[in-house]
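Everything below concerns the one structure shown next.
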Amino acid sequence: MTTYGQFCPVAKAMDVLDERWTLLVVRELLAGSTHFNELRRGNPRMSPALLAKRLRTLERAGVVRRTEDAGRPTYRLTRAGEALRPVVDALGAWGVRWISELGDEDLDPHLLFWDVRRTVPVAAWPPGPTAVEFHLDDVGRDVARWWLVVRSGDADLCDVDPGIEPAVVVRSGLRALTRVWRGDVSWDGALRAGDVELVGPAAVRREVPRWIGQSDLASVPRPAA
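And the structure:
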């Protein structure tokens with residue numbers, strides 16, 4: 001690992017944290033991912049080899065602790081790693097406020113629905129197994145359909161039909177749904193504009209914004225135009 005060769009505490013911190021993908025791995029660990037495949041799903045464009053390398057670096061730096069759970073490697077943040085939470089939160093808030101432009105390369109359905117799944121307010125959903133189906137109309141057929149399923153108090157993400165009749169179908173483009181999730185536009189605004197369409201009984205359609213919610217950073221105030 002190359003270093004800045006400075007005694008400055010900022011430089012010392014960046015010796016560990018400014019390698020590409022490192023803070024995004026920390027972000028996933030802060031969000032609750034503990035296994036290698038979960039970390040990959042949160043960073044779908046990161047190669048397995050690079051993820052393994054970054055985890056080793058963070059482990060050597062005392063940021064991550066690797067243990068075995070029934071023979072399966074488990075990764076958790078140490079006290080030093082948990083102390084990065086306000087740093088990551090502040091970076092996220094800064095990005096929402098000051099870097100709002102989304103290029104085509106920033107749009108990824110795998111990451112979008114993985115992020116949605118882990119913050120689903122399951123208590124707001126009906127008590128029995130319930131599915132919401134998503135149709136994306138501006139991506140390839142292999143990534144155009146997704147299902148969010150809540151049962152027994154857990155949320156699951158499927159990219160193949162789970163065999164549960166969906167309570168409602170959400171039709172949208174990937175960019176439009178990503179903007180709703182980020183909080184760039186509200187659910188009501190997207191629905192009124194026709195950028196998002198809900199297909200299903202009226203009573204269920206009214207519940208979808210509450211069932212899905214928005215990103216934890218959606219509430220960050222944007223600067224005035």
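The UniProt record's numbering puts the first residue of the sequence shown at 1, with every later residue one more than the last.
Ideal placement from N, C-alpha and C gives every residue a C-beta, glycine not left out.
Buried or exposed for residue i, please, with buried defined as at least 16 other CB atoms from any protein chain shown within 10 angstroms of its CB.
i       : result
Ile-99  : exposed
Arg-27  : buried
Ser-172 : buried
Glu-165 : exposed
Trp-94  : exposed
Glu-68  : exposed
Phe-113 : buried
Glu-101 : exposed
Beta-carbon within less than 7 Å of residue i's beta-carbon, same chain only, minus the 5 sequence neighbours each way: which residues are those?
i       : result
Arg-118 : Ala-31 and Gly-32
Pro-44  : Asp-108, His-110 and Leu-111
Thr-3   : Asp-15
Leu-17  : Leu-23
Ala-190 : Ala-176, Val-180 and Val-196
Gly-200 : Ala-167, Val-168 and Val-169
Ala-11  : Tyr-4
For a test of the three-state rule: what should DSSP assign to residue i, helix, strand or coil?
i       : result
Thr-34  : coil
Phe-7   : coil
Trp-94  : helix
Glu-207 : helix
Arg-76  : strand
Val-160 : coil
Ala-83  : coil
Thr-22  : helix
Glu-133 : strand
Asp-138 : coil
Start and end of the alpha helix (DSSP H) containing residue i?
i       : result
Thr-57  : 48-60
Thr-178 : 174-182
Trp-147 : No alpha helix (DSSP H) holds Trp-147; the beta strand (DSSP E) holding it covers 145-151.
Val-116 : 109-118
Arg-65  : Element bounds for Arg-65: not the alpha helix (DSSP H) but the beta strand (DSSP E), 64-69.
Asp-142 : From DSSP, Asp-142 is part of no alpha helix (DSSP H); its letter is neither H nor E.
Leu-191 : 187-193
For the beta strand (DSSP E) that residue i lies in, which residues bound it at each end?
i       : result
Pro-166 : Here Pro-166 belongs to no beta strand (DSSP E), and DSSP marks it neither H nor E.
Arg-222 : Premise fails: Arg-222 is in no beta strand (DSSP E) and is neither H nor E.
Glu-197 : 196-199
Nearest to residue i by CA position, among the options, is which residue?
i           : options                               : result
Ala-167     : Ala-70, Arg-206, Gly-173 and Arg-141  : Arg-206
residue 237 : Arg-97, Leu-174 and Gly-81            : The requested residue 237 is not part of the displayed model; the chain covers only 1 to 225.
Gly-163     : Gly-183, Asp-195, Trp-187 and Pro-129 : Pro-129
Arg-79      : Glu-101, Gly-62 and Arg-145           : Gly-62
Asp-106     : Leu-177, Ala-90, Gly-189 and Ala-11   : Leu-177
Lys-53      : Arg-76, Pro-209, Ala-203 and Thr-22   : Thr-22
Pro-73      : Leu-55, Leu-84 and Val-88             : Leu-55
Asp-137     : Phe-113, Asp-156 and Val-170          : Val-170
Is the CB of residue i under 8 Å away from at least one CB in chain C?
i       : result
Gly-153 : Among the chains of the structure shown, chain C does not appear; only one protein chain is present.
Spatial neighbours of residue i within its chain, please: CB distance less than 6 Å, with the 5 preceding and 5 following residues excluded, ordered by chain position.
i       : result
Asp-161 : none
Val-96  : Leu-217 and Val-220
Leu-58  : Val-64
Can you give me the Cβ contacts of residue i inside the same chain, cut-off strictly under 8 Å, excluding the 5 residues immediately before and after it?
i       : result
Ser-215 : Asp-115, Thr-119, Trp-181, Arg-182 and Gly-183
Pro-223 : Arg-97 and Trp-98
Trp-125 : Val-150 and Trp-211
Arg-76  : Leu-29, Thr-34, Val-64, Arg-65 and Thr-67
Using only the heavy atoms of the ligand MN, determine whether one of them is closer than 7 Å to the beta carbon of residue i.
i       : result
Asp-138 : As for the ligand MN, it is missing from this structure, which has no ligand bound.
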